[in-house]
Every structure is written in structure tokens, then in C-alpha cells.
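A.B. asks:
Protein chains: 2
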Amino acid sequence: MEVEFKALLDDLDVLEKSLSDPAPIHKLRSHVENLANLSKCNPQRRSRVKELSSEVVDSNPYSRLMALQRMGIVDNYERIRGFSVAIVGIGGVGSVAAEMLTRCGIGRLLLYDYDTVELANMNRLFFRPDQVGMTKTDAAVQTLAEINPDVVLESFTMNITTVQGFETFTSSLTNKSFCPSKEGSGVDLVLSCVDNYEARMAVNQACNELRQTWMESGVSEDAVSGHIQLLVPGETACFACAPPLVVASGIDERTLKREGVCAASLPTTMGVVAGLLVQNSLKFLLNFGEVSPYLGYNSLKDFFPTMKMRPNPQCSNVACLERQKEHMLAKPERDAAAKAKMEADASTAIDEGSLHADNEWNISVVDDANEKDASKAASSSDTTLPEGLTREFPDADEYEREIAIASGSGEIEEEDDLEELKKQLEALNAV
Amino acid sequence: MEVEFKALLDDLDVLEKSLSDPAPIHKLRSHVENLANLSKCNPQRRSRVKELSSEVVDSNPYSRLMALQRMGIVDNYERIRGFSVAIVGIGGVGSVAAEMLTRCGIGRLLLYDYDTVELANMNRLFFRPDQVGMTKTDAAVQTLAEINPDVVLESFTMNITTVQGFETFTSSLTNKSFCPSKEGSGVDLVLSCVDNYEARMAVNQACNELRQTWMESGVSEDAVSGHIQLLVPGETACFACAPPLVVASGIDERTLKREGVCAASLPTTMGVVAGLLVQNSLKFLLNFGEVSPYLGYNSLKDFFPTMKMRPNPQCSNVACLERQKEHMLAKPERDAAAKAKMEADASTAIDEGSLHADNEWNISVVDDANEKDASKAASSSDTTLPEGLTREFPDADEYEREIAIASGSGEIEEEDDLEELKKQLEALNAV
């Protein structure tokens, strides 16, 4: 609007010169100037920054994120600017996930959706009533660009389950212009935030083909349960190995989603699922904490089941079977790398043994801020608590140990028996 | 701005009549009309609704919430319009909690904060860069009113820990003009979303005095842990009975929060905590599921500890001790009411025994949508799953039973021994 106001004022100047009495023009000009000022109250964007600063001032949008380094949670937060994340489905979960990553200063976001914003979406976070009628991708880009101009946003308004849509999807994932030196595909992580079987299968197919690690998320039709799941082609179960919500045996799962049914939804459940999804994405990308292979959320009981699913050697997805074979053949290489890393960590631990000994930030529910690996965990005992403080409940490690013993199931052991490995490989080749 | 544009056009009319050549005025008028149209692209609000509709159309902002009734999760969703919730602290957790409740169509929100929006807050959800410099309460009202005009918003820009602020706080909580027939105080729930000890103690004091149920929330300084806690004066531990994050024994806990320290924060952790807080608020208000007495969130390990804390008979808070006494004396009354309810439920169960027998919505992680009481749970066994489906993991009930056995701690038994009750009452009187 600035340009229009300038043109209007110029016209007034011309008119003033042609008149004998300039008084009415003066009045008009003051009106216009007033209006120009009012129009400036519209959203102003902050300017882009070149580097993330850790300076503790109110005007720094990254100070609280860079503080994660000072607190020993993340080694190098600024790495986040180099990452690309694709989000498929910009609904109740995907839009909030996109906002969280945007506020965290992710390098680049790729957004996929074909739907438009409706008033019926207003019971979930993110979209606003004034965006009704816009495509979800356009509305998301509008809001996200306003929040953080440092993030590169690419939006794809299309359905990835059509033949053409699937092609555009895979080719956009392999585009490396943002970070040409990157290994593998052009993105670091794909987040599936869709609400139907076909779209999940399309993401699964693309990721299996591209050897792309992805995370799946979902919320139940009654709005009170949800889950997230990490899928590493060849290493974990793929979506076709065993659908995560229910195991369809003998019938077509597609028939389970009824046409014309209005599913319930809540901003709470979807906000929690988006939060858990992006938190695990950050742990995966920035290498801290433990990434959950599967995490459920049952909101009626605040119950959070976890589990780990190995790939199915009888999986119907051909690309999954190929990835499984590759993964098995690469085992000796992985073992050697793990051994080398362990040895390197051990020597580092000796060198820097007492770095965190004062444990300055020990005020947390469960003290594991520095437990990024076993060697650090061992040094973080109750003796490091400031004087006068006692713990309210036991360490998470202890708790988990008890559950594993009680349930008797726990996580399935990593295969390390050579005979077992051979058998599995033979089974795969036989399919 | 509409008024200003109208005045400008009127002035142009007057000027036109005084001129011999109206051409320059015509040009000016088209400029002004163009600008007036541009200015109308500002956010448009949706109109208010009289009653929540359950109609499944894109234009209904409540269809997905009313669906909770059809799915058997909530008995009467529309009750939400009668509730008032106070949120103290409109920061990373409080603002998101306010947005969630607003999108759920809560009746009335009371918002308390004295702070202003800064760019340093942009790493959390809700506030936008164009709101920098506004008070958090003003900015919140601006955004929330745009999202849902049906919610009554009251904001209090003040510090509740000052003498005058505390008085305004308690008097606003007792104001019953929104729902004059309501028993007790003027609000149904207080949510504490503050980041310091003094403010929590002020909320605790007010709620103990007013017999007000409240929920406390918090996020650790290293941004990777959080918790929520339900506090019912006299029935559960109050905040002074045992501070939830750490137990200060012998030293002043206030000295633990260091001045000038920049705490880390993440939109993920705060989003999850806000989601868990409001989900439990909805369960409490709309009477579904189980409200967690305490729920922790350790994001590094995706570990969610729960526990229950009984009030401390040696609590330093006098109002807490009074509430404890009242609670004990009312035990016979509670027992009688519980017995009557159990008998009524039993007879209803006989009448409506087969209402949910077809269990139409059985697609969820853990099947407990209908397990609102034990009688319904009993009818929801594996035999109700549609043909061809098998469960991926055990029922939450089974899991919890195992944990309770393993940990040996579990929840503390409700006191039902008369002798024990007498002893506790005597101990309270002796303080």
C-alpha cells in the first residue's frame, strides 16, 4: 500500500500547484498521511539474520535456543540451519510441526498438501478464520514467513497419491540445490502427518525407494489417542511391514476408514503429537537424547506405550526387502564403525573427564541433561545435586529397567549372532 | 480506517464542486477507493454462534468437537460454554493453553501477565513478531478474539505477587457475573503457567483460601523436561506441602533460580506440556477419562512419570491445613455419595447394558474410548474388534498393573481406617 499512498500524495502536490487556494489540499494531505500511518500498523516482519547469535537480549529470537548449547543439551545448535525437513499433510499435526520447526530456525521446510482451510479446521491450532478458502500450503507459508523469515519455505499444493503427484514428490525430495554437498536425498527427514492409508503408503514407497529416514504420526478418529513412529528403511519395520494402528489380517485396511464419517479432533491431542514428533525430529537431527522408535499417546489414561518393530522379511513392499538386504550386508561395516566410535569416546572421556563435574544446571525433573552417552551418565549421580536438595523420584534408567523386567517383553535384542543373520538373509532371498 | 476513508472521500466531493475542472479529483477518488479496498483485506472475523452445532459441514467450527459426543468420549460437549478458566502466566505454556481452550470453545478465559512480547519469545508458539512491544495479555486477546469470537476474554495486566495484584487476582476469581448460579468461586479451574517460585506460591495461597482446584505446570531451565500437577485444596498436596520439581530441605528454594541466567526453551516441550495440561483440564471439566494427579515429561527419553501426593499434615500453609481438616471431616459425606453413585450407575448399567455393544469406533491405539467406568470396560474385550483385526499391544490397564507390582510404590492407598483418620485429625489440630 505504500506505493499507492505515495502516488496519491504526488497527485495532491500537482493539484495544489494548479489551485489558487491551497487550504483544501492541506487538509486532504493530512488525511492521507494519517491513513498511510494507520496502514503501517499492519504486520511487520523482522529482518533476516546471517548467523544465530547466543547473545542474551530481548531482541534476539535465537537466545533461548542457543542456550541449549550452554546447558549441555546440544553440541552445536547452529547446525539446524543446514537441515531440510519435508512435511506431508499440513493439517492439525503437520501445521503445528511446521510452526515448531520454523520457530526453532530449521534451514528449509518442504510442505505438501492439496486441501483448503475451512472453518471446520478451527478446533485445531495454527490456521486462522481469515485464512478460510486459502490452500493450506499458501496459508502456512503466509504465517510461517511472518514468524521466521530465516526459514526457506517451499510449498507443493498437490496430492502425492496421484501418479503425477508422486513423481513431483520424489523429485522434490531428491533436489539438492539447498545443500549440494549433502549425501543421500535432498532432505534430512520426512514427517508424515497425513490422515489416510493411501497417503501413508505413498510416503512409505517414496522413502523406501530413496533410502530416506522418515517419521510417521497419527491421531485416532475419536481424537483421544495418537502415536509417532521412526522408520529407517531396512533397519526398522516399514509402514507396509505392519500398519501401526491396527494389524489388518486378511481384509483390506482401506475399508476400515468409512466414507462420510466426521472424525473428532482436539487441539490438545494434535498439539501433543506434533510436539512429540518435532522433539524426536530435533533429537534425531541435532543428535541428543534418545529417538523413540515408536511412542503412543493414550490421553484418557496419560499412558505412553513404546516399542520397537523389526522389519518383516515377508513384507509386501519390494523396495523394503531391498533395503533389508542392504542393511544386513552392511552389518560388519556398522559394527566396525561402532567399535571405533566407542574407543574414540572412551579416550575423549579420559581427556575431558571432569568437564561437567560441577553440573551447573541440575534443576530438572529427572537429571539426565548430560546423559548423552553412557560414560557421561555414570558421572551424574546424586552426589552432584546442590546441597539441600533431594530427588523427588527415581532416575528414568532405573524405572525403565524395572518395566523391562516386569513386562518380560521390552525391546527385541539386536541380532548379533552370525548364524541368525545368515538365516534371515536366506529367508529374504527366498521371497 | 473505514471512517477515515469516508472523510477523505467527502472532502474530495466538496473540493470537486469548487473546481472548474473535476478531472484531477476523479483520478484522486479512484486512488482513494483503491486504497480503501486494499485496507479491507485485513483479518475478517467470523460471526458468533448462539449454539454449538454438530452439523458436519466445512463452515461449522465446532463439528469436530461435537463429534466427541457421537464417538462416546464426552456426554455433553456443549457444557464447555459454561466454564470459566483462569490462566496465570501467558508465556510459552500459558499462551498455547489459552489458544487450545479458545479453539475448544471454552466459555470464558481470564488471562494474567505483566510482561511484554519480545523477539526472544519467538522460539515458542503463539506470539508473532508484529506483536513485539505489546503486553502479552493484549497480544493474546488480539489473537484469541480473532480465532474464536464466542469466547469471553478478560485480561489482567499485572503481577499477582504484589499486595495489590494479589487482591485483584483473588477478587477476579470470585467474580460470578459470568455464571451467577455457580457454586464456590467464579471460575472452574485455575491453570498456573508461571516460571518462578513466588508466582506459584501466590496462586497456591489464593486457591487454598478460595477452595479452588487448580493445575500447576512447569518446564525445566534446560528446556527438555516438564510436568503438570493437579491440586485440590485439602485433598492433594498443595504447592507448599512439597514443591514439585525439587524438594528444598534446609535452604531457601528461591536462591536456586539464578539472576541473569538465560533459560533455554523449546516450542516442542512447551507445546507438549500445554497439550497435556489442557487435555487434563478438559477431562476434569467435561468428566471423561482419568485426570492425572501428576504427570512428568522427560523428553530426552520420552519417559512420563506419574505419582500422587497426599497433603502434608505439617504444611507451612495455614489455609492448606484448614482445607485438610475440612476434607477429613467431610469423609462420611463423600463415602455416602460415592455409594449412592455406584448404586445408581449399577442400575443404569442394567438398563442400558447393550447400548455400546456394536462398538462402532473401535479403531484406536488402545481401546478404551468407552471405558469411562468399570462396568463399560468389562464389556470392551477383544471380541468386539472388527473381523480381521488383532491388537498391536496390551491394554493400558494390564500395563499399569504390571508397573504397580514392579515398582512396589504405586499410588498411596486412600485412608479408610477410622483410627488412622482420627490420628491424622489430631495431628492437624496439634499444629
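Chains as they are written, first to last, in full-length UniProt numbering: chain A, 1 to 431; chain B, 1 to 431. All C-beta atoms, glycine included, are put in the ideal place defined by N, C-alpha and C.
1. Name the one or two DSSP bridge partners that L173(B) has.
2. Taking 6 Å as the limit between beta carbons, can you name the residues of its chain near E326(A), skipping five residues before and five after?
3. Report all residues from its chain with a CB closer than 7 Å to the CB of V56(B); omit the five preceding and five following residues, and keep chain order.
4. Within 10 Å of its beta-carbon, does K301(A) have 16 or more other beta-carbons around it, so buried, or fewer, so exposed?
5. Which residues of the stretch 146-160 of chain A have a Cβ closer than 9 Å to any Cβ of chain B? Give them in chain order.
6. At a CB-CB cut-off below 7 Å, which residues of chain B make contact with H31(A)?
7. Where DSSP assigns a beta bridge to Y297(A), which residues make up the other side?
8. Using a Cβ-Cβ cut-off of 9 Å, state whether Q229(A) counts as contacting chain B.
9. Determine the closest residue to S265(A) out of G82(A), V224(A) and R334(A), with distance taken between C-alpha atoms.
10. For F166(A), which residues in the same chain have their Cβ closer than 8 Å to its Cβ, ignoring the five residues on either side in sequence?
11. Going residue by residue through the stretch 167-214 of chain B, where are the continuous beta strand (DSSP E) segments of at least 3 residues, counting only ones entirely within it?
12. By how many angstroms is the C-alpha of R323(B) removed from the C-alpha of residue 482(A)?
13. Would you kindly report the start and end of the unbroken beta strand (DSSP E) that includes T157(B)?
14. Tell me, please, whether the CB atom of S63(A) is closer than 9 Å to any CB atom in chain B?
15. Measure the C-alpha to C-alpha separation of T170(B) and W214(B) and round it to an integer number of angstroms.
16. Applying a beta-carbon distance threshold of less than 9 Å, which residues of chain B neighbour S59(A)?
17. Roughly how many angstroms separate the alpha carbons of V85(A) and R108(A), rounded to a whole number?
18. Would the beta-carbon of D335(A) fall within 9 Å of that of M71(B)?
19. What do you reckon, are the CB atoms on A139(A) and Q131(A) nearer than 9 Å?
20. In whole angstroms, what is the alpha-carbon distance linking K341(A) and A330(A)?
21. Based on Cα-Cα distance, which residue from L111(A), T143(A) and T135(A) lies nearest to F126(B)?
22. What does E99(A) touch in chain B if you count any residue whose Cβ is under 7 Å from its own?
23. Could you have a look at Y77(B) and say whether DSSP puts it in helix, strand or coil?
24. Going by the DSSP bridge assignment, what does R108(B) pair with across the sheet?
25. Strictly below 8 Å CB to CB, what residues from chain B border G82(A)?
26. Assuming N317(B) and C193(B) form a contact by the criterion Cβ under 8 Å, report the distance between their Cβ atoms to the nearest whole angstrom.
27. Helix, strand or coil, according to DSSP, for E360(B) in the structure here?
28. Report the rounded CA-to-CA distance for R211(A) versus V232(A), giving the unit in angstroms.
29. CA-CA distance, G92(B) and V187(B)?
30. Anything in the stretch 262-276 of chain B with a Cβ closer than 9 Å to a Cβ of chain A? List those residues in chain order, please.
31. Which residues, taken in chain order from the stretch 314-331 of chain A, show a beta carbon closer than 8 Å to some beta carbon of chain B?
32. Can you tell me where the alpha helix (DSSP H) with E221(B) in it begins and where it stops?
33. On the criterion of 16 or more Cβ atoms from any shown chain inside 10 Å, does E426(A) qualify as buried, or is it exposed?
34. What does K27(A) touch in chain B if you count any residue whose Cβ is under 8 Å from its own?
35. Output, in sequence order along the chain, the residues in the stretch 290-310 of chain A whose CB is closer than 7 Å to any CB in chain B.
36. When DSSP labels each residue in this structure, what does F288(A) get in the three-state scheme?
C.D. replies: Quick look at the numbers:
1. The residue given as residue 173(B) occupies position 173 in the second sequence. Answer is none; L173(B) lacks a bridge partner.
2. Translated into positions along the first sequence, residue 326(A) becomes position 326. For E326(A), where only same-chain residues beyond five positions count, the Cβ hits under 6 Å are G234.
3. Here residue 56(B) is taken as the residue at index 56 of the second sequence, counted from 1. Excluding residues within five positions, the ones whose Cβ falls inside 7 Å are S63.
4. The residue you call residue 301(A) lines up with position 301 of the first sequence. By the neighbour-count rule (16 or more Cβ atoms within 10 Å), K301(A) is buried.
5. So the list reads E146, I147, N148 and P149, given in the order they occur along the chain.
6. Translated into positions along the first sequence, residue 31(A) becomes position 31. Those within 7 Å of H31(A) in chain B are E4, A7, L8 and D11.
7. Numbered from 1 along the first sequence, position 297 holds the residue referred to as residue 297(A). In the DSSP output, where bridge partners are listed per residue, Y297(A) has G226(A).
8. Along the first sequence, one-based indexing puts residue 229(A) at 229. Chain B contact via Cβ: absent.
9. What you label residue 265(A) is simply residue 265 of the first sequence in a count that begins at 1. Considering only alpha carbons, the answer is V224(A).
10. What you label residue 166(A) is simply residue 166 of the first sequence in a count that begins at 1. I160, A202, Q205 and A206.
11. For the beta strand (DSSP E) assignment, the uninterrupted runs of no fewer than 3 residues enclosed by the stretch 167-214 of chain B are, from N- to C-terminal side, 189-192.
12. Given a span of 1 to 431 for chain A in the structure shown, any question on residue 482(A) remains unanswerable.
13. Looking up residue 157(B) in the second sequence gives position 157. Run containing T157(B): V152 to T157, per the beta strand (DSSP E) assignment.
14. For the purposes of this step, residue 63(A) is identified with residue 63 of the first sequence, where counting begins at 1. So, interface residue.
15. Reading the second sequence from its first residue, position 170 is the one you call residue 170(B). Reading the second sequence from its first residue, position 214 is the one you call residue 214(B). Going from the Cα of T170(B) to the Cα of W214(B) covers about 13 Å.
16. Taking the first residue of the first sequence as position 1, residue 59(A) is located at position 59. Against chain B, the beta carbon of S59(A) has neighbours under 9 Å at E118, L119, A120 and V132, listed in chain order.
17. Residue mapping note: residue 85(A) aligns to position 85 of the first sequence, counting from 1. Residue mapping note: residue 108(A) aligns to position 108 of the first sequence, counting from 1. Spanning the two alpha carbons is a distance of roughly 6 Å.
18. Start at 1 with the first residue of the first sequence, and residue 335(A) comes out as number 335. Start at 1 with the first residue of the second sequence, and residue 71(B) comes out as number 71. Taking 9 Å as the Cβ cut-off, D335(A) and M71(B) do not qualify as a contacting pair.
19. Position 139 of the first sequence holds residue 139(A). Position 131 of the first sequence holds residue 131(A). Their beta carbons are under 9 Å apart, which means A139(A) touches Q131(A) by this criterion.
20. For this step, residue 341(A) is matched to residue 341 along the first sequence. For this step, residue 330(A) is matched to residue 330 along the first sequence. Approximately 17 Å between the Cα atoms of the pair.
21. Within the second sequence, numbered from 1, the residue matching residue 126(B) stands at position 126. Cα-wise, what sits closest to F126(B) is T143(A).
22. The residue labelled residue 99(A) in the question sits at position 99 within the first sequence. Residues of chain B passing the Cβ test: L125.
23. The residue you call residue 77(B) lines up with position 77 of the second sequence. Reduced to three states, the DSSP call for Y77(B) is helix.
24. The count along the second sequence starts at 1 and reaches residue 108(B) at position 108. Paired residues: S84(B) and V152(B).
25. The sequence position of residue 82(A) within the first sequence is 82, counting from 1. Ordered by position in chain B, no residue passes the 8 Å Cβ test against G82(A), which lies about 18 Å from the chain.
26. Here residue 317(B) is taken as the residue at index 317 of the second sequence, counted from 1. Here residue 193(B) is taken as the residue at index 193 of the second sequence, counted from 1. The beta-carbon distance between N317(B) and C193(B), rounded to whole angstroms, is 21 Å. This is too long to meet the 8 Å contact definition.
27. Taking the second sequence and counting its residues from 1, the one referred to as residue 360(B) is at position 360. Only weak support is given to the placement of E360(B): the predicted model assigns it a pLDDT of 47, under 50, and the value that follows is read from those uncertain coordinates. Reduced to three states, the DSSP call for E360(B) is coil.
28. Counted from its first residue, the first sequence places residue 211(A) at position 211. Counted from its first residue, the first sequence places residue 232(A) at position 232. About 8 Å.
29. Taking the second sequence and counting its residues from 1, the one referred to as residue 92(B) is at position 92. Taking the second sequence and counting its residues from 1, the one referred to as residue 187(B) is at position 187. G92(B) and V187(B) have their alpha carbons spaced roughly 23 Å apart.
30. Within the stretch 262-276 of chain B, the qualifying residues are C262, A263, A264, S265, L266, P267, T268, T269, M270, G271, V272, V273, A274, G275 and L276.
31. none
32. Along the second sequence, one-based indexing puts residue 221(B) at 221. That residue, E221(B), is in no alpha helix (DSSP H); it is neither H nor E in DSSP.
33. Translated into positions along the first sequence, residue 426(A) becomes position 426. Classification for E426(A): exposed.
34. Translated into the one-based positions of the first sequence, residue 27(A) becomes position 27. Neighbours of K27(A) on chain B, chain order: D11.
35. E290, S292, L295, G296, N298, S299, L300, K301, D302, F303, F304, P305, T306 and M307
36. By one-based count along the first sequence, residue 288(A) stands at place 288. The answer is coil: DSSP assigns F288(A) none of H, G, I, E or B.
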